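Trainee: The structure's right below; bear with me while I get my questions together.
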Amino acid sequence: MNINATLIIQIVVFLILWWFTARFVWPPITKALDERSRRISDGLAAADRAKADLAAAELRVQEEIKNARAGAAELRTAAERQAAVLMEQARADASRIVAEARKAAESEADLAAQRVKDQLREEVAALAVAGAARILRREVDARAHAQLLADLKTELR
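When you line the sequence shown up against my numbering, it's residues 486 to 642, in that order.
What follows is the structure, given as structure tokens:
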């Protein structure tokens, strides 16, 4: 091997280039690569955290859906119970109203029958007085014979 000045100059230039690269070029490149590696790691960690958060959120959503369904079932059951109570109250009220109406109608019918009986007694008493007047061929004075007519009404009852 032949060592001449060209080889020595090439070695010196190589060493200067190596020193320059190691001193000024390589540190920014390694810094940029390290920064990029750190950002990628942070991004992957954030993605992992997001996955975990998503899984936790899905579990919470499922739990909330389950709770909402249970709440809806409870509300439906309570509404059905309340509807049954209201229906029973309505039936009881209707029965009470019908009974009251029946009682009022019976009372009204009794009163009407009593009025008719009283009117009939009065008419019978008047007819009896008229009949007695014809039999006696004279007029019976209602004022004068009030006690007699009252006794007659009592007997007709």
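Using N, Cα and C, we set each Cβ at its ideal position, and we do this for glycine too. Bear in mind that the values here come from a model prediction, so they are computed numbers and not experimental data.
N552 by DSSP, collapsed to three states: which one?
Mentor: Correct three-state label for N552: helix.
Trainee: Quick check on I488: does DSSP put it in helix, strand or coil?
Mentor: Coil, per DSSP.
Trainee: For K638, which residues of its own chain have a beta-carbon under 6 Å away from its beta-carbon, when the five flanking residues on both sides are left out?
Mentor: Once the five neighbours on either side are set aside, the close Cβ partners of K638 are R606, A610.
Trainee: A594 to D578, Cα distance in whole Å?
Mentor: Their Cα atoms are separated by approximately 24 Å.
Trainee: Find the nearest neighbour of A615 within the set Q604, L634, A598, R521, judged by alpha-carbon distance.
Mentor: Minimum Cα distance to A615 is reached at L634.
Trainee: Roughly how many whole angstroms lie between the Cα atoms of L560 and E548?
Mentor: So the two alpha carbons sit approximately 18 Å from each other.
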